[in-house]
Amino acid sequence: MARGVEVEHTDVNQAATTRPVAQGTRGMVTSGHALTTMAAVRMLLSGGNAFDAAVAAGFAAAVLEPTASYTLAAEGVGMVYHAASGEMLALSGQGVAPRGQTVAYFRDLGLDRIPTGPGDRAHLSFTVPGVVDAYLLLLSTYGTKPVREVLEPAIDYAEHGFPMYEYMHRMLSVAGAREQFDCYPPGGTAVFYPDGAVPPVNSLLVQPQLGHTLRVLVDAERAASGARRAGIEAARRVFYEGEIAHHIIDFSQQVGGFLQLDDLAAYRAKFEAPISTTFAGYDICTQNTWTQAAVLLQALNMLEHVDLRAMGHNSPAYIHTVTEVLKLAFADRECYYGDPDFATVPIEALLSRDYARARVQLVDADRASPGLPAPGDPLTGQAIREGVVLPLMPAPAAAPVASELAAEEGTTHFSVVDGEGNMVCITPSG
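Under full-length UniProt numbering, think of the first position of the sequence shown as 1, with each following residue one higher.
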């Protein structure tokens, strides 16, 4: 059993770790890397708010966590709470598909699904990189700092380097990783495999080209005349319409991607109203079904009808019940979820209490369902939608890669709270 340490003389225990527990009263940051957290803390200590700090963390993480499936060419989704107005908003930096890409194109290639994840066909799933616009929208709307300040930590990490850490070294060393970097991104092999090998743990990893890209944003801001928001808009334009956009499109076309300049120029991140439910007296808010976040809401609605406390936390019965409930929610995701801008999603029916009560009755306390169960029929309230069978397992990737790479597919995340009560959580990926 891991040795525990007492925190603040409470009953909260943490596993022994070499990382310090930092405490404060004017803000809180959590992220996937200590230096990502430090970037956000620097903003808070210099008078910035949670929104400034989140943007600094987001750009820093793009430098520090490239093996966490995250770069500046990613998408990003978040939740934002603005304390002064009481607004709770979903932030969509979700990348959209190129307008020239069609279902017929994929069918002509003999594909019944779009290849995603690692592999030599990943360019077929390139979407507009939405995360930068999402950060700049957040900074412009609720932040207080200029682009140059929130980018300063990321530029420092890119130009002066940071220590290679064990997880990054391991992911770069697994079979198939080198081949993936030979495909994407441009110049990736030279950065992460200098002299043909992964740099040793604790050696300094410097990314001058990434630092240059970030400085292009800062230079665009400085060249703009006017107030802070004019500078932020100038940085946005150079990424989506200017120098950086042209580099993105050149690379996309080089590897066979569909992205065009007008795809980038037309893109806009946005705020929108969240969807929500209540659980154990709390309001739980998420993004709409352009993400899979509604799975959480559906699962919580079903678990309201289960006495988890009586089962004991993480007991076999507890884990079995939660797992089976999640399967039911995932089955509905596969059948109904989509981008509401392009598909009709019966979200109110999916989140109804009566529907949750009907679905949770399908959980067998003594037996696990193999794979995904059948979806329900939220419009009629029936627990099972007849005539629909979901596959037990997803179809294999078009180009298999190392099992460890596949097993580690995921991303990173960061959350920030400031002394005024503003809150931001963002998951960038891609």
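All C-beta atoms, glycine included, are put in the ideal place defined by N, C-alpha and C.
In this text the structure is predicted, and so the values were computed from the model without any measurement.
query: Sort N314, C335, P146 and L297 by Cα distance to V55 and report the nearest one.; result: P146
query: Tell me, please, whether the region 240 to 253 touches the region 261 to 268 by the rule of three or more beta-carbon pairs shorter than 8 Å.; result: yes
query: State the DSSP-derived secondary structure class of K145, mapped to helix, strand or coil.; result: coil
query: List the endpoints of the continuous alpha helix (DSSP H) containing Y355.; result: R353 to V360
query: By the 10 Å Cβ neighbour count, where 16 or more other Cβ atoms means buried, how is E87 classified, buried or exposed?; result: exposed
query: Contact between the region 303 to 322 and the region 167 to 179: three or more CB pairs below 8 Å?; result: no
query: State buried or exposed for P370, treating a residue as buried only when at least 16 other CB atoms are found within 10 Å of its CB.; result: exposed
query: Return yes when the Cβ of T277 is within less than 8 Å of the Cβ of L351, no when it is not.; result: yes
query: For the putative contact between F342 and Q101, defined by C-beta atoms under 8 Å, what is the C-beta separation to the nearest angstrom?; result: In fact, because the Cβ distance is near 13 Å, the residues do not count as touching under 8 Å.
query: Using the beta-carbon count (16 or more within 10 Å), is P163 buried or exposed?; result: exposed
query: Got a sec? Which residues, its chain only, sit under 6 Å from Y81 by beta carbon, not counting five neighbours each side?; result: M88 and M423
query: Just mark T29 as buried or exposed, buried being the case when its beta carbon has 16 or more other beta carbons within 10 Å.; result: Position check: residue 29 holds Val in this sequence, whereas Thr was assumed. So V29 counts as buried.
query: From what residue to what residue does the beta strand (DSSP E) around Y282 run?; result: Y282 to T286
query: Taking all protein chains shown into account, do 16 or more other C-beta atoms lie within 10 angstroms of the C-beta of L45, making it buried, or fewer, making it exposed?; result: exposed
query: Under 6 Å Cβ to Cβ from G430, same chain only, skipping five residues before and after it: list those, please.; result: A74 and E75
query: What are the start and end residues of each continuous beta strand (DSSP E) run of 3 or more residues lying completely inside the region 249 to 311, in chain order?; result: 270 to 272, 275 to 279 and 282 to 286
query: With DSSP as the reference, identify every bridge partner of Y337, one or two as the case may be.; result: Per DSSP, none; premise fails for Y337.
query: What is the DSSP secondary structure of M168, reduced to helix, strand or coil?; result: helix
query: So what does DSSP say about Q382, is it helix, strand or coil?; result: strand
query: I'd like the span of the alpha helix (DSSP H) that includes residue 432, first residue to last.; result: Residue 432 lies beyond the range of the chain shown here (1 to 430); nothing can be said about it.
query: Round the Cβ separation of F271 and L91 to the nearest angstrom and send it over; I've been treating them as touching at under 8 Å.; result: 6 Å
query: Suppose contacts are defined by Cβ-Cβ distances below 8 Å. Is S140 in contact with I244 by that definition?; result: no
query: CB L72 to CB A158, shorter than 8 Å?; result: no
query: Rounded to whole angstroms, what's the CA-CA distance from C335 to V360? Just pull it up for me.; result: 17 Å
query: For G312, which residues from the same chain have a beta carbon less than 8 Å from its beta carbon, with the 5 sequence-adjacent residues on both sides left out?; result: Y318
query: Whole-angstrom Cβ separation of A294 and T286, contact assumed at under 8 Å?; result: 6 Å
query: From what residue to what residue does the alpha helix (DSSP H) around V388 run?; result: First-last for V388: undefined, no H or E at that position.
query: How about G419 and R26: are their beta carbons less than 8 Å apart?; result: yes
query: Can you give the Cα-Cα distance for A230 and Y240, rounded to whole angstroms?; result: 15 Å
query: Report the three-state DSSP secondary structure of L184 (helix, strand or coil).; result: A small correction: the amino acid at residue 184 is Tyr; Leu does not occupy that position in the sequence shown. The answer is coil: DSSP assigns Y184 none of H, G, I, E or B.
query: When you compare each of G376, L109, D339 and P346 to R357 by their alpha carbons, which one comes out closest?; result: G376
query: Going by beta-carbon coordinates alone, are G161 and P129 separated by less than 8 Å?; result: no
query: Straight-line CA distance for S315 to A83?; result: 38 Å
query: Roughly how many angstroms separate the alpha carbons of P118 and G387, rounded to a whole number?; result: 34 Å
query: Locate the beta strand (DSSP E) running through I232, then write down its first and last residues.; result: Premise fails: I232 lies in the alpha helix (DSSP H), R228 to Y240, not in any beta strand (DSSP E).
query: Across the region 170 to 187 and the region 119 to 126, are there enough close Cβ pairs to call them in contact, namely three or more that are closer than 8 Å?; result: yes
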